[in-house]
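*Asks:*
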Amino acid sequence: MLIEVTQIPPEGLDVALPTGELDLGESAGVWDGPASVQAAIRLSRSGRGVVIGGTFEGDVSLICSRCLEGFRFRTHDRFDLYCEVELPVPPDDERKLDEDDLDVTYLEEGRINTDHLLRENILLNLPVQPLCREECRGLCPQCGANLNLGSCGCQTTRTDPRLHVLRKLR
546 MLIEVTQIPP EGLDVALPTG ELDLGESAGV WDGPASVQAA IRLSRSGRGV VIGGTFEGDV
606 SLICSRCLEG FRFRTHDRFD LYCEVELPVP PDDERKLDED DLDVTYLEEG RINTDHLLRE
666 NILLNLPVQP LCREECRGLC PQCGANLNLG SCGCQTTRTD PRLHVLRKLR
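Quick note: the sequence shown uses my numbering, first residue 546, plus one each step.
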């Protein structure tokens, strides 16, 4: 959903986004498919910019980093953001940013894209190494069998051949 900054009334604007599918973009092997998310966003004008605050909750299909099985991850969080309409800078001109400028998000064409805003905050809330469960045993390093489903029968005490020299030192 696109919201024009000029359409935000002085008293602010509340936007409720009902549960729906949100495309999270290219997965890089971490998530599988769109997220099912609902959100509430509050937009308030403040000087030259807009203060955006909101909450979201939903489910994301993730891929376990140990066993590569898919699972549903429940996520929820709150976010706050300050945006300003981007100042026109000539393409060949450079503008030095002050430290305060780093806390500001600049809006292109004076519009707020709620899908982009939610996508960014959901991705920031995902675990770096998602696990289907804390005790996940992962895959066998020799045959690739899912060890959560049972033992595969492979030799588990395999040692690195480069370390055999150290056995002679006993």
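For every residue, glycine included, the Cβ atom is placed at its ideal position computed from N, Cα and C. This one's a predicted model, so the numbers in the text were calculated from it and none came from an experiment.
Using the beta-carbon count (16 or more within 10 Å), is residue 573 buried or exposed?
*Replies:* By the 10 Å Cβ count, residue 573 comes out exposed.
*Asks:* For residue 590, report the span of its alpha helix (DSSP H) as first-last.
*Replies:* Premise fails: residue 590 lies in the beta strand (DSSP E), 580 to 591, not in any alpha helix (DSSP H).
*Asks:* Give, in chain order, every unbroken run of the beta strand (DSSP E) that is at least 3 residues long and sits entirely within the region 603 to 688.
*Replies:* Qualifying beta strand (DSSP E) stretches, in chain order: 615 to 630, 650 to 652 and 656 to 658.
*Asks:* Can you tell me which residues form a DSSP beta bridge with residue 559?
*Replies:* Partner(s): 587.
*Asks:* For residue 567, name the three-state secondary structure that DSSP assigns.
*Replies:* Residue state, collapsed to three classes: strand.
*Asks:* With a cut-off of 8 Å, do at least 3 Cβ pairs link the region 637 to 645 to the region 569 to 584?
*Replies:* These segments do not touch.
*Asks:* At a cut of 8 Å, does the region 582 to 592 reach the region 608 to 619 through at least three beta carbon pairs?
*Replies:* Touching, no.
*Asks:* Considering only the beta carbon of each residue, do residue 600 and residue 623 sit closer than 8 Å?
*Replies:* Yes, Cβ-Cβ distance for residue 600 and residue 623 is below 8 Å.
*Asks:* Between which residues of its own chain and residue 593 is the CB-CB distance below 6 Å, once the five residues before and five after are set aside?
*Replies:* Within the same chain, residue 593 has close Cβ partners 629.
*Asks:* Within its chain, find whatever has a CB closer than 7 Å to the CB of residue 648; leave out the 5 residues flanking it on each side and keep chain order.
*Replies:* The answer, listed in chain order, is 627.
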